[in-house]
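Just below is one structure, and these are the notes that go with it.
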Amino acid sequence: MSTLKRRAMMLTAIAGVAAIALTGCGRGGGTTPDETGGAAAASPGITDDSLLFGISTPLTGATAGPGNCTADGAIAYFETKNAEGGIEFGDGKTRTIEIKKYDDEYNPEKSAANFQQMVADGVFAAGIGLGTPTNRAWREAAIEEGVPQVLVMTGDPLFNDRTESPLQLGLVPIYQQEGAAFGEVLAADSEPHKVAILYQNDDYGLGYVEGFKEAIEGADNIEIVGELSYEPSAPSLEGQITELSATDADVLFHAVSVVPRAIENMQKAQALGWLPSWFLPSNTASPGGVLTPGGAVKADGSLVYPGIYAVAFSQAAASPAFQESPEGQAYLAAVEEYTDNDGISFPHCVWSWIGAQILEQAFMAMEEPTRESFMDALMSIEGFEAQFLLPGGAINTTTDGLPAVQDVVLQSFNGKGYADAESFGG
Amino acid sequence: MASLIRLLESTRARAVAMIVIAAVLIVVPLVSQPFTNQTITRIAVFAVAVLGLNIVMGYAGQVSLGQIFFVGVGAYAAAITIRSEWATALGFWGVVVGFVLAVLIPGVIGLLISLAAARLRGLAIAMVTIALPIVGVPLAKRLSELTGGSQGISARAFGAPEWTGLDNDQWQYYVVVTIAAIAFALAYFLVRGKYGRAFAIVKENEAVASSMGISPYRYKVLAFTIASMFGGLAGFLYIAALQFTSPDTLSFGHSIELVIATIVGGAGSIVGSVLGGIYYVLVPQITNTVNPNSTAIVQGIIVLVVLFVLPGGLVSLPRAIRRALRRGRGPDGPPPPAPAMASSPRDNEERQNS
Numbered sequence: 256m257s258t259l260k261r262r263a264m265m266l267t268a269i270a271g272v273a274a275i276a277l278t279g280c281g282r283g284g285g286t287t288p289d290e291t292g293g294a295a296a297a298s299p300g301i302t303d304d305s306l307l308f309g310i311s312t313p314l315t316g317a318t319a320g321p322g323n324c325t326a327d328g329a330i331a332y333f334e335t336k337n338a339e340g341g342i343e344f345g346d347g348k349t350r351t352i353e354i355k356k357y358d359d360e361y362n363p364e365k366s367a368a369n370f371q372q373m374v375a376d377g378v379f380a381a382g383i384g385l386g387t388p389t390n391r392a393w394r395e396a397a398i399e400e401g402v403p404q405v406l407v408m409t410g411d412p413l414f415n416d417r418t419e420s421p422l423q424l425g426l427v428p429i430y431q432q433e434g435a436a437f438g439e440v441l442a443a444d445s446e447p448h449k450v451a452i453l454y455q456n457d458d459y460g461l462g463y464v465e466g467f468k469e470a471i472e473g474a475d476n477i478e479i480v481g482e483l484s485y486e487p488s489a490p491s492l493e494g495q496i497t498e499l500s501a502t503d504a505d506v507l508f509h510a511v512s513v514v515p516r517a518i519e520n521m522q523k524a525q526a527l528g529w530l531p532s533w534f535l536p537s538n539t540a541s542p543g544g545v546l547t548p549g550g551a552v553k554a555d556g557s558l559v560y561p562g563i564y565a566v567a568f569s570q571a572a573a574s575p576a577f578q579e580s581p582e583g584q585a586y587l588a589a590v591e592e593y594t595d596n597d598g599i600s601f602p603h604c605v606w607s608w609i610g611a612q613i614l615e616q617a618f619m620a621m622e623e624p625t626r627e628s629f630m631d632a633l634m635s636i637e638g639f640e641a642q643f644l645l646p647g648g649a650i651n652t653t654t655d656g657l658p659a660v661q662d663v664v665l666q667s668f669n670g671k672g673y674a675d676a677e678s679f680g681g
Numbered sequence: 025m026a027s028l029i030r031l032l033e034s035t036r037a038r039a040v041a042m043i044v045i046a047a048v049l050i051v052v053p054l055v056s057q058p059f060t061n062q063t064i065t066r067i068a069v070f071a072v073a074v075l076g077l078n079i080v081m082g083y084a085g086q087v088s089l090g091q092i093f094f095v096g097v098g099a100y101a102a103a104i105t106i107r108s109e110w111a112t113a114l115g116f117w118g119v120v121v122g123f124v125l126a127v128l129i130p131g132v133i134g135l136l137i138s139l140a141a142a143r144l145r146g147l148a149i150a151m152v153t154i155a156l157p158i159v160g161v162p163l164a165k166r167l168s169e170l171t172g173g174s175q176g177i178s179a180r181a182f183g184a185p186e187w188t189g190l191d192n193d194q195w196q197y198y199v200v201v202t203i204a205a206i207a208f209a210l211a212y213f214l215v216r217g218k219y220g221r222a223f224a225i226v227k228e229n230e231a232v233a234s235s236m237g238i239s240p241y242r243y244k245v246l247a248f249t250i251a252s253m254f255g256g257l258a259g260f261l262y263i264a265a266l267q268f269t270s271p272d273t274l275s276f277g278h279s280i281e282l283v284i285a286t287i288v289g290g291a292g293s294i295v296g297s298v299l300g301g302i303y304y305v306l307v308p309q310i311t312n313t314v315n316p317n318s319t320a321i322v323q324g325i326i327v328l329v330v331l332f333v334l335p336g337g338l339v340s341l342p343r344a345i346r347r348a349l350r351r352g353r354g355p356d357g358p359p360p361p362a363p364a365m366a367s368s369p370r371d372n373e374e375r376q377n378s
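Here the protein sequences line up with chains A and B, keeping their order. Each residue of the first sequence is one higher than the one before, counting from 256 in the numbering used here. Each residue of the second sequence is one higher than the one before, counting from 25 in the numbering used here.
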C-alpha cells in the first residue's frame, strides 16, 4: 500500500467520522418535556395538529407480504381520516396522524436499530409491526425510553403481561387462545372423544397445546391418546402421522405451522385410511392454500374428513360478503388509493386496519398530549365493536394477560369456506 | 537516507492521523445525539464481524459463508453468561467471563470445523460454511432452555455505571468502540507480520507456499480460527450494543449480507472492513428515511455498481479518483499507471468515465 494511498485513506476516514459527528449537531439540542414545564407538557412526537406513529415491520425479504400489510392497513385507515380533516383527540384538538414505516427484514438487529431511529425521529408511539423476535428485540429499550410499543402482531403472551410489559400490548390472539377455543367446544360436546396431538416443538406449538389442555381439564369425555412433537425444520412428518393413526383417535389436534407439512399430513392420513376431525391453527387453515391441495375436499364438494375446524377473529377480505359491504368497499378503496397493496392476499392488512381503529379510540379518549395519557386511554377500551371483527366480537384491552382481540370464534369448513361452529359437529 | 526520511515522515503522518482519529472518536459521543452514537456503535460491531471475514476471505483467500454463525454463537455465549445468576452476582467480572467465553467458544468451534474443512478447496469449503447458519438456526431454537427458543433472549448489563456520569448510549459507544479499536489494531499487526505474508502466499498459490515451507493447511486453519474469534467478539459487541439476540440473528441471509459488506468495503483491507461495517449499518438506515421498501433493491444496486466500477471495493475509491484526475490532466501530468483490473484500455476508460 503506497504512502499516498494510505494518507488518502486516513483523510477519508477522518472526513467520514467528522461528517457523522456533524450530523449529530450537538447533544441535548431538543427540548425535553421537563424544560417546557407544566403538568400537561406534550410528549415527543405530538403537536397541536399532528401525531407521529412508527411501525417497524418486515417490508422486504421472505416475510415482506404479511409485513407490508401490517403497515399498509393502518396507513390506509389514517390517510383516509387525515383526508377528512383528522381525528379529534380527547383534549379537544384535531390532529392528523402520520405513520412512518421502517423496514426490519424480520431481523431483530434491524428492528432494534429501527427503534433507535424512531426515537431519533421523535415518534410519539410505535407498534403494529409483525414478528415475535423482532418486537422482543426492542421491548426493554422501549420501556427504558418510555415509548409505547402497542398493538404488535405476535402471539407471544409476554406483550400482554402488564407487569413485565407496562408499555406494551398485543393485537392478535395469542396461541393459547386459539387452542382453548377448540378445547372448549370439544369439552362441551356430549360424545366421548379420543384426541391425538401433533405439535411443533417451540413456543408456537406448545402455546396451542397449553391452551387446549387447560380448556379440556376436568372434561370426562376427552382422552388424549397420543401426543407427538416435531422440529420446525423437519422435512417430513409422515412417521408421526403413521404413529398417531395407530391410536385410532377421532380428533387430531394439529398444531403445525409449516404449510407444506400440513398438506402432506392431510394426504398421508387419508392414505392410511385414518379419518379424524382436524383442528387447524389459523395460519395453516386456508381453503385454497392447505385444504384443497391436501385433498380434503372430494370432487362432489363434500369433505373427506368428518370435520375441519379453525379459529378466526376477523372477516376475510376475499369473501364476497366483505367485498359487497359498504365498510369493505371503503377499506378496499382506501388501500387502493394510499398503498401499493391489494389488501386481500394477507389477512394482516385487515388486522392492521383494526389496529388503527383501536388507536383512534385511544386518541379520542386521551385527555392530555402525553404518552401516559395515551396508555391510560388505550388500556381502558371495552366493548369496542371494530369494523371487520366477526359478529359478536369486541375489542377489550382491560384484561391482564390477553391482547386487544380477546374474542376468537371457532369455525368449521363446509367444503367452500368457513362458517361459525356453535358446537362440535354442528 | 532519503528513503529513511520518507519512512519517518510517513510514520509521523500516520501517527498524527491516528491521534486525530482517536481524538475525534473520543469526543464524538460527548457532543452527538444518542442516535449518532448508537449508529457508530453498531457500525463498530459489524466492522469487527467483517474484519474477521476479511482475514479468512480477503487475506487468506478462503470462501467463508458462515461468519454470522460465529457472531451468533458469540452473542449467545455472552448473553447466556451475563444473564446467569452467578455472573450477575460477579457483576463486572461476570461480564468479563461472558467476553472471554464469547471469543473462546466460537474460536474452538471454528478450529474444530476448519481442521476438517481446510482440507477442502474452493466450493467445497464454501459448502461446509453454508451449513453452519443452516444448522445454527434450528439448533438455537431447539436448545430453548439455554437460548430462550425462537423468541430470543435479552441480556441487559450495559447500562452506564453511575460513577461515569455518562448516558447509556455514550457508555455503550465507549465499550464497543474501544474493544473494536483494539481488535482492529491486533488484526493490523497480524496481517502486516509474517502471518499476513503467509496468508498472502497461501491465497496466491498453495503449491508455491508448500515449496517455501509454509503449510497451506495450517495457515488456513489459523485464518479460519482467527476469523471465528473475531466473529465471536462481534457477537459480544452485538450484545453490548443491542442487548438482545434470537435464532434469526444467525440466519444464512445475514451471513451473505456480511460477505457483501466485505466486498463492498474492500476485500483484503483493514480500512475496507470499517467501510463494510458502515455500508451494512447505514444503507438500511438511509433507505428507511427515503423509502423503506427499497432496502433490498438499493443494496443490490450498490453491490453491482461497486463490482463494476470499483472492483476493489469502496476502499479503492481514492485510487480510482486519483487515476481519473491524472488522466484528466492529459500529457502534462505523470503517465497513468498500468490498469490493474481493466481487461482493455477501452474498458478502463469507460470505468473511469462512469
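The beta carbon of each residue, even a glycine, is placed where N, CA and C say it ideally should be.
Have a look at residue i and residue j and give me their C-alpha separation to the nearest angstrom.
i                 : j                 : result
Ala184 of chain B : Phe116 of chain B : 12 Å
Pro388 of chain A : Gly82 of chain B  : 33 Å
Leu483 of chain A : Ile452 of chain A : 6 Å
Pro536 of chain A : Asn61 of chain B  : 44 Å
Pro531 of chain A : Ala611 of chain A : 40 Å
Glu493 of chain A : Gly672 of chain A : 27 Å
Lys365 of chain A : Val132 of chain B : 29 Å
Leu299 of chain B : Val51 of chain B  : 21 Å
Phe629 of chain A : Asp191 of chain B : 27 Å
Ile263 of chain B : Val95 of chain B  : 10 Å
Ala101 of chain B : Glu592 of chain A : 49 Å
Ala222 of chain B : Ser311 of chain A : 46 Å
Pro487 of chain A : Gly549 of chain A : 19 Å
Ser34 of chain B  : Gly220 of chain B : 21 Å
Arg516 of chain A : Asp303 of chain A : 53 Å
Leu645 of chain A : Phe568 of chain A : 6 Å
Gly562 of chain A : Phe668 of chain A : 7 Å
For residue i, which residues does DSSP report across the bridge?
i                 : result
Tyr485 of chain A : A:Gln455
Lys355 of chain A : A:Gly309
Ala510 of chain A : A:Tyr454
Asp675 of chain A : A:Gln666
Met408 of chain A : A:Leu385
Leu341 of chain B : In DSSP, Leu341 of chain B forms no bridge with anything.
Lys449 of chain A : A:Glu478
Thr269 of chain B : B:Ile177
Run the CB neighbour count on residue i, radius 10 Å, all protein chains shown included, and call it buried at 16 or more, exposed below.
i                 : result
Ile294 of chain B : buried
Gly292 of chain B : buried
Ser491 of chain A : exposed
Ala588 of chain A : exposed
Ile345 of chain B : exposed
Trp110 of chain B : exposed
Smallest Cα separation from residue i: which of the options?
i                 : options                                : result
Gly290 of chain B : B:Ser56, B:His278, B:Tyr304            : B:Tyr304
Tyr463 of chain A : A:Gly341, A:Pro487, A:Gln432           : A:Gln432
Ala347 of chain A : A:Pro624, A:Pro421, A:Leu614           : The residue you asked about is not Ala; residue 347 of chain A is Gly in the sequence shown. The shortest C-alpha separation from Gly347 of chain A is found at A:Pro624.
Ala676 of chain A : A:Thr409, A:Phe437, A:Ala397           : A:Phe437
Tyr430 of chain A : A:Ile518, A:Ser667, A:Gly656           : A:Gly656
Val72 of chain B  : B:Ile250, B:Ala348, B:Phe268           : B:Ile250
Tyr459 of chain A : B:Leu341, B:Ser108, B:Thr269, B:Arg166 : B:Arg166
Thr325 of chain A : A:Ile636, A:Arg626, A:Asp597, A:Glu627 : A:Asp597
Arg417 of chain A : A:Gln666, A:Val605, A:Ser635, A:Pro487 : A:Ser635
Ile129 of chain B : B:Ser340, B:Thr286, B:Ser252           : B:Ser252
Leu614 of chain A : A:Gly647, A:Leu426, A:Gly648, A:Ala576 : A:Leu426
Trp533 of chain A : A:Asn520, A:Leu645, A:Gly544           : A:Asn520
Ala141 of chain B : B:Gly324, B:Lys227, B:Asn312, B:Ser88  : B:Ser88
Gly638 of chain A : A:Asp631, A:Glu627, A:Arg626, A:Thr654 : A:Thr654
Assuming the contact rule is C-beta atoms closer than 8 Å, residue i and residue j should be a hit. Round their C-beta distance to whole Å, please.
i                 : j                 : result
Ile106 of chain B : Ala181 of chain B : 5 Å
Leu261 of chain B : Ile203 of chain B : 6 Å
Phe643 of chain A : Gln570 of chain A : 5 Å
Glu343 of chain A : Thr335 of chain A : With 8 Å as the limit, Glu343 of chain A and Thr335 of chain A do not qualify as a contact, their Cβ atoms being about 15 Å apart.
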